[in-house]
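Report on one structure; see the data block that follows.
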Amino acid sequence: MHLLVSPRKYSQTINFPIVLRVVGWLLMIESVFMLAPLVVAIVYGEEWIVLDFSIAVVVTFLAGLFMNYRIKPKSKTMRKREGLLLTATVWVFFSIFGMIPFLLSGTVTGFTDGFFETMSGFTTTGASVIYNVEALPRGVLFWRSMMQWIGGMGIILFTLAVLPMLNYKGGVSLFNSEVTGITHERMRPRVSQTAKSLWMIYVVFTVVLASLLMLGPMDWYDAICHTMSTVSTGGFSTKNNGLHFWHDYYSDIVIMLFMLLCGINFTIIYNVVVRGKFSELKRSDTLKWYLFIVLFGAIIVFARISHMGFVDSWHFGAILAAFDTISAITSTGFATYDYEHEGQFIFFFLILLMFFGGMAGSTAGGAKIDRFVVLLKNVKNEMYKVVHSNAVTTVRLDGKSVPHMIVEKVLAFLSVYVVVMIVVAVVLTQFGMPAFDALFNSLSAISNIGFGYGEMTGGPDKFASLPSLCKWLLAFEMLVGRLEIFTVLALFTPSFWKKD
Amino acid sequence: MRIVIAGAGEVGTHLAKMLSFEEQDIIVIDNDEKKLYNLDNYNLMTVRGSAVSLDVLKNVQVGMADIFIAVTPHETINVIACSMAKSMGCKKAVARIDNYEFMKPASKKFFASYGIDTLIYPEYLAAREVMTAMEHTWARSWFEMLNGELIVAGVKIRENARILGHKLKELSGLSSFMHINAIKRNREIIIPGGDDEILANDIIYVATTPRNVDDVVAACGKETHTAERVLIMGGNEIVKQLAMAIKDKYKVKILDSDLERCQKLADELPYCNIVYYEAGNNDVLEEEGVEDYDVFVAMGDSSESNILSCVMAKELGMRKTVAQVENLQFINEAESLNIGTIINKKLIASSTIFQMMIDADTDNAKCLALADAEVAELEVAAGAKVTKAKVKDLKLSRDMTIAGLVRNGEGQLVTGDTQLQAGDRVVIFCLSGAIHKIERMFG
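Chains as they are written, first to last, in my numbering: chain L, 1 to 500; chain V, 1001 to 1443.
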């Protein structure tokens, strides 16, 4: 071993080779995931897509292998910039390779639609350009649901949990940029252990829900597909009418409960279930807010439904109200009833819930209730200061004061969130979409919900008839929302690329 | 190993970062969210709360911890926190203290009864290190391992060294009395192989036995001289400990720019000369006759001014300088600026913890930390991997080397042909981040 000062170790130059090399690794993992739909296709004897999936698996694997072996980074250092770049680009790479089976099997036509569909899948949005899903082969639909399952807990997080290679200092910034929430709580000392625990809870939920659904009218295939889009709060279905197809209270209620559960911070679930600390339930302000908002929302929607009288029985109305409220707030986006004919009130009301979404550290999307609570308490303090101008106040969350630095971050986050949402909506109106529809669709994308509304996206065509530019824009917005804004938007600031 | 650290101050933060780098499970407790926020990008978990809260300790599952380390700024809190942690079931408890009385052997039993296994008193240990530096003025660092049977010394190589410009494989004649463990050059430290060459301004870390020290001194082109007079700048706790310990052997003069502190020192240390100087008086070293002293020790509050005054003293003809450098990132710079010995409280504290990590059950292990490497000693267990083959066939990982061993009470160096046996006590030189591998090899 010779003494050499390794090249550019102390430079701010972005280390692209190492980023690409890790992406290569992750693509190889994706190809392994793709084996699952391949198996489904074989089991159901869908020979014509077996080849498509085989090609996708091989191409993805070889691409990953190539990136991994042919790219030889001079230095292995990975700092903040490389971490952010990796987290953001990995989702794009996954989408590009994930759409191969769609394109080969003719499920979607064109790169734009393919990218939109896969990005919508991985970000657990659930917006679709496919009109008739029932006509699709089961392997393809399985892959669609599976993408949501992978993206729900996170690609990087999965890697941190199962592979030791990201488990060094750089892995921590990756963890921080993929996990949602204000402070990225860790429940165990090492990031890899935290990632393992999170994935463990996720897998347990998946297994339990799938078993429960199989007891109902669904067969194993539909049960697993719906399970994967429920626990990830994604919202892809295997039927054109979604859950309507079965018309079954049991399945609806089970799915509803799991959506509710997956909108809760997984750290709380871990502490309660694994460590038996029930005091966590009491301590958490955000959990109370979350449950309260769900209840309150359900009552309002129920009142509206009853008032309008467009359902026959009160218990159907109650389930409908609860289901749709939860589906909206957790950003799942399973649609049950077409409210559009009944006026805009319910949709408009659901927007409020969708904006903030579930709790931080859950699989739900949105700006997160935690931020809402911080915002609310901060506003309360400011109101108090109007009268008592010298008052010294603090924002408390879960019984602990939140440092000003973090409050500022939350406020900045929320402002940018709204700005992105509105800017995209403005562009959408340019393509002839009415203002309210544009705003709704934009929110639906950034909060990873997947509802469509209005003539251009709410109809049977879903998002298919949108102009290409709109699709790209919405796909981009989904990624921005999934990675909680700053991770992606930072890449578009000059200071990210400049040496300063 | 699960390690809970209470207190995210300088020492706590350093320990947390380093132990996390050694792939241990680290949980840090502190009251101050801001301090914890600084640790956000490290692979560890932080918990906000008081170190002496039962709830907090329960929350971090201190009962499952292998080591509990209390390094808050308050001695009393540290002691109580350790006591609580121990009663809740943690295996070992370490408290940082700042009271010399507690270090006395008589106190040990008292603290043991409270459940505290080890006390860390960084200022006291630092003073001891300065003393060692004053006794061995030719070396950058000096570690006596295996009860003094083996010495590991850091030496700066200058133009006059005999070994300069040679590759290690050409220096086989030296192997009877010295073994070069590591070479530090331009901020990088490596474990060298036969093809590596020794250049001017390298710092080499050599292992040797006490009777061969003179040969090493000669080979490195150094000379020994005995120090008698010490000039100290700054009057902190380390200096107080130091002055008390060396009062019989050395003549000590202490300079400080704080009048009140000078008065206090004068009250407590009647056998030293205390001199007050006005801050910014750059001539103070000349006025106080710097040339008449053998050793200059800079122990001020700022690392920068310690480094600079050592450089200045060196220019004025001082042979040996010692500087306290608390900013870890300055240590490399200070080393290249020809400062004789660098003292850092955090490194000293971390060596104690490493010691416990290598060998949690016994007090046999010893570990000393450099800025980017550690020197550890421990006993080879029966059936350990390293006893299976000769050292050259062991395939030791590249970040560690065996410096020497004691067998039958006698220290000896290790060559490629040495075969380790169970019961040997060995000294290992390993680069940072590798210490957790030791147990796998030797345990």
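By construction, the Cβ of each residue, glycine as well, lies at the ideal position given by its N, Cα and C atoms. These numbers were taken from a predicted model, which means no experiment stands behind them.
Cβ neighbour criterion (16 or more within 10 Å) applied to residue i
{"i": "Asn1273/V", "result": "exposed"}
{"i": "Val5/L", "result": "With a pLDDT of 40 at Val5/L, under the threshold of 50, the modelled position of this residue cannot be trusted; read the value that follows with caution. Exposed, by the Cβ-count rule."}
{"i": "Leu499/L", "result": "In the sequence under discussion, the amino acid at residue 499/L is Lys, which differs from the Leu named in the question. Its Cβ having fewer than 16 others within 10 Å, Lys499/L is exposed."}
{"i": "Gln1263/V", "result": "exposed"}
{"i": "Trp1138/V", "result": "buried"}
{"i": "Arg1162/V", "result": "exposed"}
{"i": "Leu1431/V", "result": "buried"}
{"i": "Glu1159/V", "result": "exposed"}
{"i": "Asp324/L", "result": "buried"}
{"i": "Phe93/L", "result": "buried"}
{"i": "Arg70/L", "result": "exposed"}
{"i": "Leu295/L", "result": "exposed"}
{"i": "Asn1078/V", "result": "buried"}
{"i": "Ala1218/V", "result": "exposed"}
{"i": "Tyr290/L", "result": "buried"}
{"i": "Ala1279/V", "result": "exposed"}
{"i": "Met383/L", "result": "exposed"}
{"i": "Trp149/L", "result": "buried"}
{"i": "Thr1229/V", "result": "One detail in the question is off: residue 1229/V reads as Arg in this sequence, not Thr. That one is exposed."}
Terminal residues of the alpha helix (DSSP H) in which residue i lies
{"i": "Ile326/L", "result": "314 to 329"}
{"i": "Lys1392/V", "result": "First-last for Lys1392/V: undefined, no H or E at that position."}
{"i": "Thr1076/V", "result": "1075 to 1087"}
{"i": "Phe258/L", "result": "249 to 262"}
{"i": "Asp285/L", "result": "285 to 308"}
Residue span of the beta strand (DSSP E) that contains residue i, given as start and end
{"i": "Ile201/L", "result": "Looking at the DSSP string, Ile201/L is not in any beta strand (DSSP E); the run it does join, the alpha helix (DSSP H), is 191 to 215."}
{"i": "Ser401/L", "result": "400 to 402"}
{"i": "Arg996/V", "result": "In this structure chain V extends from 1001 to 1443, so residue 996/V is not present and cannot be described."}
{"i": "Lys1407/V", "result": "It should be noted that the sequence gives Arg, not Lys, for residue 1407/V. It spans 1400 to 1407 - the beta strand (DSSP E) in which Arg1407/V sits, taken as one unbroken run."}
{"i": "Thr159/L", "result": "Counting along the chain, Thr159/L falls outside any beta strand (DSSP E), though it belongs to the alpha helix (DSSP H) covering 155 to 162."}
{"i": "Ile1069/V", "result": "1067 to 1070"}
{"i": "Glu1410/V", "result": "1410 to 1413"}
{"i": "Met998/V", "result": "With chain V covering 1001 to 1443 only, the question about residue 998/V has no answer from this structure."}
{"i": "Val1060/V", "result": "Segment: none, Val1060/V is in no beta strand (DSSP E) and carries neither H nor E."}
### Query
Can you list, in chain order, the residues of the region 186 to 217 of chain L whose Cβ is nearer than 7 angstroms to any Cβ on chain V?
For the region 186 to 217 of chain L, residues whose beta-carbon sits nearer than 7 angstroms to a beta-carbon of chain V comprise Arg186, Arg188, Pro189, Arg190, Val191.
### Message
Taking contact to mean 3 or more Cβ pairs, one atom from each stretch, closer than 8 angstroms, check whether the region 172 to 180 of chain L and the region 1023 to 1038 of chain V are in contact.
### Response
Cβ pair count under 8 angstroms is below three, so no.
### Query
Below 8 angstroms, can you find three or more Cβ-Cβ pairs linking the region 252 to 266 of chain L to the region 356 to 366 of chain L?
Result yes; three or more Cβ-Cβ pairs closer than 8 angstroms.
### Task
Any chance you could list the beta strand (DSSP E) runs of at least 3 consecutive residues sitting entirely within the region 1124 to 1176 of chain V, in chain order?
If we require 3 residues or more, the beta strand (DSSP E) runs fully inside the region 1124 to 1176 of chain V come out as 1141 to 1145, 1150 to 1156.
### Query
Of the residues that make up the region 396 to 426 of chain L, which ones have a beta carbon closer than 9 angstroms to any beta carbon in chain V?
Going along the region 396 to 426 of chain L in chain order, one finds Lys400, Ser401, Val402, Pro403, Met405, Ile406 with a Cβ nearer than 9 angstroms to chain V.
#### Entry: Contact list for the region 1137 to 1168 of chain V against chain L, Cβ threshold 9 angstroms
From the region 1137 to 1168 of chain V, no residue has a Cβ closer than 9 angstroms to chain L.
#### Entry: Segments of 4+ residues assigned as alpha helix (DSSP H) that fall wholly inside the region 65 to 123 of chain L
Entirely contained in the region 65 to 123 of chain L, the alpha helix (DSSP H) runs reaching 4 residues are, in chain order, 80 to 98, 100 to 104, 111 to 122.
### Selection of the region 1320 to 1349 of chain V by Cβ proximity to chain L, strictly under 8 angstroms
For chain L, none of the residues of the region 1320 to 1349 of chain V brings a beta carbon within less than 8 angstroms of one of its beta carbons.
### Query
Given a limit of 7 angstroms on CB to CB distance, which residues of the region 1042 to 1068 of chain V reach chain L?
Cβ contacts with chain L come from Tyr1042, Asn1043, Leu1044, Met1045, Arg1048.
### Query
For the region 261 to 285 of chain L, which residues have a beta carbon sitting closer than 7 angstroms to at least one beta carbon of chain V?
Correct list: empty, as no residue qualifies.
### Interface residues of the region 1015 to 1037 of chain V facing chain L [CB-CB below 7 angstroms]
Residues of the region 1015 to 1037 of chain V whose Cβ lies closer than 7 angstroms to any Cβ of chain L, in chain order: Asp1025, Ile1026, Ile1027, Glu1033, Lys1034.
### Within 9 angstroms of chain L by C-beta, residues of the region 1370 to 1404 of chain V in sequence order
Residues passing the 9 angstroms Cβ filter: Arg1398.
### Message
Under 7 angstroms, CB to CB, which of the residues in the region 1424 to 1437 of chain V have a partner in chain L?
### Response
Within the region 1424 to 1437 of chain V, contact with chain L at the beta-carbon level (separation under 7 angstroms) is assigned to no residue.
#### Entry: Cβ contact (3+ pairs, closer than 8 angstroms) linking the region 1334 to 1352 of chain V and the region 1003 to 1014 of chain V
Short answer: they touch.
### Task
Would you mind listing the alpha helix (DSSP H) stretches within the region 1221 to 1302 of chain V that are 4+ residues and don't spill past its ends, in chain order?
Whole alpha helix (DSSP H) segments, 4+ residues: 1237 to 1246, 1259 to 1268, 1284 to 1287.
### Task
Write down every uninterrupted run of the beta strand (DSSP E) in the region 336 to 393 of chain L whose length is 3 residues or greater and which is fully enclosed by it, in chain order.
Annotation note: the region 336 to 393 of chain L contains no uninterrupted beta strand (DSSP E) run of length 3 or greater.
### Query
Does the region 476 to 493 of chain L come close enough to the region 382 to 397 of chain L that 3 or more CB-CB pairs lie under 8 angstroms?
Contact check between the region 382 to 397 of chain L and the region 476 to 493 of chain L: fewer than three CB pairs, one atom from each, fall below 8 angstroms, which does not count as touching.
### Message
Below 8 angstroms, how does it come out for the region 51 to 67 of chain L and the region 93 to 112 of chain L: are there three or more Cβ pairs, yes or no?
### Response
The region 51 to 67 of chain L makes contact with the region 93 to 112 of chain L; the number of CB pairs closer than 8 angstroms reaches 3 or more.
### Query
What residue ranges within the region 1326 to 1362 of chain V form continuous beta strand (DSSP E) runs of no fewer than 3 residues, ordered along the chain?
Counting whole runs of 3 or more residues, the region 1326 to 1362 of chain V contains the beta strand (DSSP E) stretches 1341 to 1343.
### Query
Okay, do the region 1239 to 1257 of chain V and the region 1274 to 1288 of chain V touch, 3+ Cβ pairs below 8 angstroms being the bar?
By the Cβ criterion, the region 1239 to 1257 of chain V is in contact with the region 1274 to 1288 of chain V, since at least three pairs of Cβ atoms, one from each stretch, lie closer than 8 angstroms.
### Message
With three or more C-beta pairs closer than 8 angstroms as the rule, is the region 406 to 419 of chain L touching the region 212 to 220 of chain L?
### Response
No, the region 212 to 220 of chain L is not in contact with the region 406 to 419 of chain L.
### Message
For the region 1204 to 1221 of chain V against the region 1066 to 1084 of chain V, do three or more pairs of beta-carbon atoms, one drawn from each stretch, fall closer than 8 angstroms, so that the two count as touching?
### Response
Short answer: they don't touch.
### Query
Okay, do the region 189 to 202 of chain L and the region 269 to 277 of chain L touch, 3+ Cβ pairs below 8 angstroms being the bar?
Verdict: yes, contact present.
### Task
Count the C-beta pairs between the region 1015 to 1029 of chain V and the region 1084 to 1098 of chain V that are closer than 8 angstroms, then say yes if the count reaches three, no if not.
Here the region 1015 to 1029 of chain V makes no contact with the region 1084 to 1098 of chain V; the two share fewer than three CB pairs at distances below 8 angstroms.
### Task
Output, in sequence order along the chain, the residues in the region 1087 to 1106 of chain V whose CB is closer than 9 angstroms to any CB in chain L.
So the list is empty, because no residue satisfies the distance condition.
### Task
Count the CB pairs spanning the region 1125 to 1143 of chain V and the region 1189 to 1202 of chain V that are closer than 8 angstroms, and state whether there are at least three.
Segments in contact, no.
### Message
I want to know whether the region 1045 to 1064 of chain V touches the region 180 to 191 of chain L - three or more CB-CB distances under 8 angstroms.
### Response
These segments touch.
### the region 1166 to 1185 of chain V contacting the region 1391 to 1398 of chain V, beta-carbon criterion three pairs below 8 angstroms
By the Cβ test, the region 1166 to 1185 of chain V is not in contact with the region 1391 to 1398 of chain V, since fewer than three Cβ pairs between them sit closer than 8 angstroms.
### Message
Would the region 428 to 445 of chain L count as touching the region 464 to 479 of chain L if we require 3 or more Cβ pairs under 8 angstroms?
### Response
Proximity of the region 428 to 445 of chain L to the region 464 to 479 of chain L meets the contact definition, three or more beta-carbon pairs being nearer than 8 angstroms.
### Query
At a Cβ cut of 9 angstroms, what residues of the region 1274 to 1298 of chain V count as close to chain L, listed as they run along the chain?
Listed by position along the chain: nothing, the set is empty.
### Query
Any contact of the region 121 to 133 of chain L with the region 449 to 458 of chain L, i.e. 3+ C-beta pairs under 8 angstroms?
The region 121 to 133 of chain L vs the region 449 to 458 of chain L: in contact.
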